[in-house]
Amino acid sequence: MSSSSGSTDFSFLFRKSSKELYSEKFYDAMEMESDDLHKYNDKCNEILVRGPNVRVIPICKKYLRFLDTSKSWSGLFSVYDVSLLLNYWIYEKLIGIYGDKNSSYITFGFSALQLIWGYYDSKREHDPYYKKCKPDLNIVNHEDWENRKKLYDFYVDFDKLFGSGSTYDSVCKEYYRKIKEMISVCTYFKGKCLTSGTYSCPDNFNKCEEKNLEIELKKLPCHVTINGGRDSSSEVSSSYKPPDPEEPPQDSADGLAAESNTQLYSVNSGIGTKVTNSVLGAAPVLLSATMLYKVLIYFVNIYHYSTDM
1063 MSSSSGSTDF SFLFRKSSKE LYSEKFYDAM EMESDDLHKY NDKCNEILVR
1113 GPNVRVIPIC KKYLRFLDTS KSWSGLFSVY DVSLLLNYWI YEKLIGIYGD
1163 KNSSYITFGF SALQLIWGYY DSKREHDPYY KKCKPDLNIV NHEDWENRKK
1213 LYDFYVDFDK LFGSGSTYDS VCKEYYRKIK EMISVCTYFK GKCLTSGTYS
1263 CPDNFNKCEE KNLEIELKKL PCHVTINGGR DSSSEVSSSY KPPDPEEPPQ
1313 DSADGLAAES NTQLYSVNSG IGTKVTNSVL GAAPVLLSAT MLYKVLIYFV
1363 NIYHYSTDM
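For what it's worth, the numbering used here labels the leading residue of the sequence shown as 1063, then goes sequentially.
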């Protein structure tokens, strides 16, 4: 699928992505190759950056492809700031090339892309959408940019994480891990944002306070599985151990029968009394009601056998 300009439409790349979360689908679509990237050769092959430009050229081409074909995304700006996702993508790519310590190289890279943006299509220079997609280092250049990026991605994916995570077992564990990771990120920003000072708190910090993440994790269906089959209720039940089953009194009954047999063979008179006393005396300790019944029948049979002889 192509746009009117002959470039692969970004919405097609977005739908093509196998990722589930919106932020991940966006970054994945930005990374995709397409046969039409060559049309940006004349704009990007000579981009001026510090050091060799060979690794910056693909960034330039994919940025222009987005700029050229993603107008249909303009409606999303009322919900999500897609330009922030775009700038985080550029920023992370440049850090991957220069490292996060070479700030001047990164600044130069953003400036080079801004220059290309300014001359790429001067007729669209005042288009709100076009202006929104201008490379802007200032909105992502923070010492804690990684946590800020995680927080913004969390903001974009918020409904998907909690909605699909509660519904689909296939993604529950992955989303559980992502939500759990955000606990430390939100703790970090609470420490920064809820204290007086000059710290510039992210606009979407409110997502950290919208839900108690630790409580929400326990609601996910895979919570018990991930935690080794235990949760607060299972830990209580697992601490209870039923009493050991009563040992079967087979040995005691055998001994008792042997003792009674000796009495039966030595003295026939009064045998009923001896059997009854020997069995009933031990029964409360050794025998269950069923076993007692069986032993009594056993001795009664022996008694009848001995008296018939």
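Note that CB positions come from ideal geometry on N, CA and C, so glycine has one too. These figures come from a predicted structure and were not determined experimentally.
In the three-state scheme derived from DSSP, where H, G and I count as helix and E and B as strand, T1260 is classed as coil. For the pair N1149 and S1173, the Cα-to-Cα distance works out to about 13 Å.
Within the stretch 1111 to 1181, complete alpha helix (DSSP H) segments of at least 4 residues are found at 1119 to 1131 and 1144 to 1160, given in chain order. Annotation: Y1230 to A1091 spans about 24 Å, alpha carbon to alpha carbon. Secondary structure note for S1226: its alpha helix (DSSP H) is the uninterrupted segment W1207 to T1229. With respect to T1070, D1098 sits close: the two C-beta atoms are nearer than 8 Å. Using a Cβ-Cβ distance cut-off of 8 Å, the stretch 1237 to 1253 and the stretch 1268 to 1285 are in contact, since at least three pairs of beta carbons, one from each stretch, lie closer than that value. Between I1201 and the set P1283, I1178, D1265 and V1141, the nearest pair of CA atoms involves D1265.
Per the Cβ contact rule, the stretch 1204 to 1216 is in contact with the stretch 1147 to 1166 (3 or more Cβ pairs under 8 Å). Listed in chain order, the non-local C-beta contacts of H1188 below 8 Å within the same chain number zero, local neighbours out to five positions each way being set aside.
For N1200, there is no enclosing alpha helix (DSSP H), since its DSSP letter is neither H nor E. In terms of Cα proximity to S1165, the closest of Y1142, F1139 and R1112 is R1112. Sequence-distant partners of K1222 (beyond 5 residues in either direction) whose C-beta falls short of 6 Å from its own C-beta, in its chain, are L1083.
With a cutoff of 8 Å on beta-carbon distance, Y1125 and L1175 are scored as near each other. No Cβ-Cβ contact shorter than 8 Å links V1118 with G1161. Closest by C-alpha distance to L1282, out of Y1192, K1196 and S1232, is S1232.
Of Y1192, E1278, Y1238 and K1240, the smallest CA-CA separation from V1144 is found for Y1192. In this structure K1123 is buried. Its beta-carbon is surrounded by 16 or more other beta-carbon atoms within 10 angstroms. Its chain contains K1087, D1090 and A1091 as the residues whose beta carbon lies nearer than 6 Å to that of S1079, once the 5 sequence neighbours on both sides are disregarded; these appear in chain order. For the set C1263, R1077, I1168 and S1258, the Cα lying nearest the Cα of L1199 is the one of I1168. The alpha-carbon of L1156 is positioned some 12 Å away from that of V1116. If the five residues before and after L1146 are omitted, its C-beta is found closer than 7 Å to the C-beta atoms of I1201 and Y1214, all from its own chain and listed in chain order. Out of K1211, D1183 and Y1181, the CA that lies nearest to the CA of E1154 is found in K1211.
In this structure S1085 is in contact with V1218, their Cβ atoms being roughly 5 Å apart against a cut-off of 8 Å.
Less than 8 Å separates the beta-carbon of K1235 from that of C1284. Taking the Cα positions, S1073 is about 42 Å away from S1258. Judged by their CB atoms, I1277 and Y1238 are not nearer to each other than the 8 Å cut-off.
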